[in-house]
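Sequences listed follow chains A and B, in order. Note that the numbering used here has the first sequence beginning at -2, numbered continuously upward. Note that the numbering used here has the second sequence beginning at -2, numbered continuously upward. The beta carbon of each residue, even a glycine, is placed where N, CA and C say it ideally should be. Note that this is a predicted model, so its numbers are computed, not measured. Everything below concerns the one structure shown next.
Protein chains: 2
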Amino acid sequence: MQLAQAEKIKLLVETSKKLLRRQAVPHLKNLIDKTHASDVALMLHHLDPKEKQAVFSFIKSSHIQADVLSEMEEGDIPLVLEGLETEKVCRIFKEMSSDDVADILTLLPEPMSSEILKLMEAAQSEEVEDLLQYEEDSAGGIMDPQFFALDENMTVGEAIQKLQEESSEQEMVFYIYVVNSIGQLVGVISLRQLLTVKPQKKLSEIMSTDVIRVTTHEDQEEVAKLVSQYNILAVPVVDENNKLVGIVTVDDVIDVMREEATEDILKMASVGNVDVLDLSSLKSVRARFPWLLASFLSGLVALSIIGKFQSTIGKMAVLSGFIPIILGMGGNVGTQTSAVIVRGLATGRVVLDQLWKVLFKELKVGGVLALLYGVVLGFGVQLISGEHPRLGIVVGTSLFLVMTIAAVLGAFLPIIFKKFQFDPALATGPFITTAIDVVSTLIFFNLVHLFLHI
Amino acid sequence: MQLAQAEKIKLLVETSKKLLRRQAVPHLKNLIDKTHASDVALMLHHLDPKEKQAVFSFIKSSHIQADVLSEMEEGDIPLVLEGLETEKVCRIFKEMSSDDVADILTLLPEPMSSEILKLMEAAQSEEVEDLLQYEEDSAGGIMDPQFFALDENMTVGEAIQKLQEESSEQEMVFYIYVVNSIGQLVGVISLRQLLTVKPQKKLSEIMSTDVIRVTTHEDQEEVAKLVSQYNILAVPVVDENNKLVGIVTVDDVIDVMREEATEDILKMASVGNVDVLDLSSLKSVRARFPWLLASFLSGLVALSIIGKFQSTIGKMAVLSGFIPIILGMGGNVGTQTSAVIVRGLATGRVVLDQLWKVLFKELKVGGVLALLYGVVLGFGVQLISGEHPRLGIVVGTSLFLVMTIAAVLGAFLPIIFKKFQFDPALATGPFITTAIDVVSTLIFFNLVHLFLHI
């Protein structure tokens, strides 16, 4: 029976640390040999810099080093490669697909990356340079330029033979893409289909011509949506002339989905879109500092608003006790609503032109929640506190108004962000809580001033 | 060129609404015929209940209805099926895989689901009943009991023949699983491999015996991690005796990943783990109400703490102005930290036994951020405000302490939750913000009391 994934990695990390300390190199090499490349990559992530470099250098062949490298965390890669000679790096890159090489090159410091590009074989470096021109998160940026495509005039028998001859370079052949004489994508055939029809048939006779495809500049999130929506294993990527230039396979899509979900979560929590776990403490501070600034500034605005009502508070100090509950409830309803909307936009379940419908529903839900909590707080205060005959009414009404406005803002801002092509997840982070803090303070103290006459 | 997904669905929804209004049934049927089953399912989601039922009934065959049904949103399914006769539902179910049928049955009201189970063919209903015994989010709950497995003594030639004979029932054959005489999983062969070796070879000679597998009770999140970690297209599911009982394919894993990411986001935003977009407004209110209660109660606690310092505030009303900034900054740092940790735990990049290492790093990062903002606020207040000679120092120190504690809590709570097998995403939602509100109020007013002597 298998050990749970986390247990296994933990054991691997401990064992290799122990073997490194004892300098038991043959044992360590043996351990690495028997471990799946993906697990070696994960294990490396939990080792210290020196240990990472040592373990990586003990991997048997450039081929396996390439496998490990393409599974490694981005932050670990420069660390490991900078310890190697440039020639060695080129030998490893030769074993990798060009899209992975292009991704890694963007992580390396400048003199090193261009030196490597110069040393690489012309054919590969050209492919890599082609890929480097695409946006990192576009279909072109994540596609593999090595794919299996056959001419439409080929027969099924010839196709099977071709498939058997091909080296294992394209390890994951899911579909056979069919192209015409100028390389344009005209159809698709599944491996399975190939096995179940007569070998004399032409590919053009059995292919399906309704091929789901994307262009090179398509956003990677859209590619992921297509794969998830249509349950397909690979999406062909074409240029503006419909010429087949690469494929995006389901394993890349899974990485994209994980990445996008992480990005959304971190953006919604105002951590920025950098993956902070990988950064040093100092870089972490630098990444998170500006996001806190929004909350700091809104705090200062709230401070100056409350400052204007100093004499009111001086006369009735209990008022300040309601600040945490009103701001807190407002913030929470706003976060709830915006999380629902942001996720709905990401999964395609909220569509942009439903703006009014969505706003209306969130207004209803937020309004009812606001009414419930507003009434409870208002009545409670009215019953218990004897400070002022209308204090309960003012506190309850404030909570009701703040929560209702927060719900509408929480729904409205992400949609507006999306409309203007900003990431809606960003709206949830600094903008909504900031806006709510200021609006809440304004509403509460103005109502107090108006209705309690103090 | 393709329309963007969202555009396409929007157009489909508008067109079908128009055709329904005009009762242009043949046109509508024609439109549905030409649309991919996945798109029909998505389109149905955006129609009104009556329209959903009408469009679904216009789908040409039970076979295509089955395809659409397995892609539909959970909330839409009962609505559409309750409008049909039980016999019709059984005919549709006959075209679906047993795991999808089992999932749908759990969504239907009781008399209907058992009636359907009775009317279904014995073979299928048995399979479905077997599946219903597994937890919904376990490997057993998401696996497909129809898979392609061959005996280890078969030759490659026989295997290819068998593959060609098989009906298209198992549409996605990625790997050929090899079993021994009592059905235990002993190996795996890729389709590709089968094509590239001599037909006389026995499967046991060419199979890989190192098969990544899971048991039926494994959590679906673990299955998703395996698929993403090892870039595989399907995971075989075995029972406690290593007997092969089903497979989980990559398309199911993609659904699981999307679902789990949504769950995490909604839990972190305190919306609960229900997908609120699907619920009626009333159900939405009911789902969200209890999550706001935590924030309400912590607000009341803060209210009573501040109440104890009424005379202090009465003497220096400006103090209350600092409540929003101190609580807000504390809450934000806490949310930042916990989001990083929760996501790290979900993707396997934070491992449980790193507790102290993670806490230490977050203490450092949080501490530096706290120091920066604490000093800025403290100095600012000291310079501008003439209320009290030590006000700046107290305010700055409070902010520093609150932010540091918030960072540690934000890292600590999710890890503790995970240790005790609760969902760490839950910690971020109500618990952290609640704890921080109370701690912040306590720290600030006690420091004021101690050092300003008012």
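Straight-line CA distance for residue i to residue j?
i      : j      : result
Q167/A : K195/A : Bear in mind that a pLDDT of 49 at Q167/A, under 50, signals an unreliable position, so the number given afterwards is only what the model happens to contain. Roughly 25 angstroms between the two C-alpha positions.
A99/A  : R387/B : 57 angstroms
S54/B  : N27/B  : 13 angstroms
Y370/A : G393/A : 8 angstroms
D96/A  : L128/A : 7 angstroms
Q418/B : D141/A : 40 angstroms
A408/A : Y131/A : 34 angstroms
G243/B : D248/A : 21 angstroms
K49/B  : V347/A : 17 angstroms
A136/B : V245/B : 7 angstroms
F414/A : G72/A  : 30 angstroms
A119/B : V77/B  : 25 angstroms
L188/B : M400/B : 56 angstroms
According to DSSP, residue i sits in a beta bridge with which residue or residues?
i      : result
A299/A : In the DSSP output, where bridge partners are listed per residue, A299/A has none listed.
Y174/A : A146/A and V185/A
L114/B : BP columns for L114/B are empty, so no partner.
G243/A : V234/A
S205/A : V185/A
K199/B : T152/B
T334/A : According to DSSP, which records beta bridges pairwise, T334/A is partnered with nothing at all.
S135/A : D216/A
V211/A : V234/A
D45/B  : Answer is none; D45/B lacks a bridge partner.
Can you list, in chain order, the residues of its chain with a C-beta nearer than 8 angstroms to that of residue i? Leave out the 5 residues immediately preceding and following it.
i      : result
H446/B : F306 and T309
Q197/B : T152, V153 and G154
S277/A : none
I457/B : The first residue shown for chain B is -2 and the last is 451, placing residue 457/B beyond what the model contains.
I56/B  : I29, V37, Q62 and V65
I451/A : T309, K312, M313, H385 and V445
L17/B  : L25, E48, A51 and V52
What do you reckon, are the CB atoms on residue i and residue j nearer than 9 angstroms?
i      : j      : result
K199/B : L423/B : no
L374/A : F286/B : no
L241/A : V235/A : yes
I203/A : I229/A : no
L81/A  : I74/A  : no
K85/B  : S110/B : no
E124/A : P106/A : no
V436/A : A403/A : yes
V176/A : D148/A : yes
P421/A : W288/A : no
Q158/B : S35/A  : no
A146/B : Y174/B : yes
G180/A : S205/A : no
N329/A : S94/B  : no
T431/B : A291/B : yes
Return the Cβ separation of residue i and residue j in integer angstroms, given the expectation that the two are a contact with Cβ distance under 8 angstroms.
i      : j      : result
V253/B : A221/B : 5 angstroms
G296/A : G325/B : 5 angstroms
I338/A : I440/A : Going by Cβ atoms, the distance from I338/A to I440/A rounds to 23 angstroms, so no, they are not a contact pair.
E68/B  : A38/B  : 4 angstroms
P233/A : L182/A : 6 angstroms
E237/A : T212/A : 7 angstroms
K7/A   : D216/B : Rounded, the Cβ-Cβ distance is 18 angstroms, inconsistent with contact.
T332/B : I262/B : 13 angstroms between Cβ atoms; not a contact.
S317/A : I323/B : About 12 angstroms; that fails the 8 angstroms criterion.
E70/B  : H33/B  : That pair is no contact at about 16 angstroms.
A3/A   : G345/B : 6 angstroms
L192/A : Q161/B : 6 angstroms
F442/B : V391/B : F442/B to V391/B, Cβ: 10 angstroms. No contact.
Ordered along the chain, which non-local residues of its own chain (more than five positions away) have a Cβ less than 7 angstroms from that of residue i?
i      : result
V405/B : L356, E359, L360 and G363
T12/A  : L28
Q190/B : I203
L368/A : F397
S164/B : Because the pLDDT at S164/B is just 48, under 50, the model does not fix this residue reliably, and the value given afterwards should be weighed accordingly. Cβ within range, chain order: n/a, list empty.
What residues in its chain sit with their C-beta under 6 angstroms from that of residue i, if we drop five residues either side in the sequence?
i      : result
V298/A : V435
G389/A : G375, V378 and Q379
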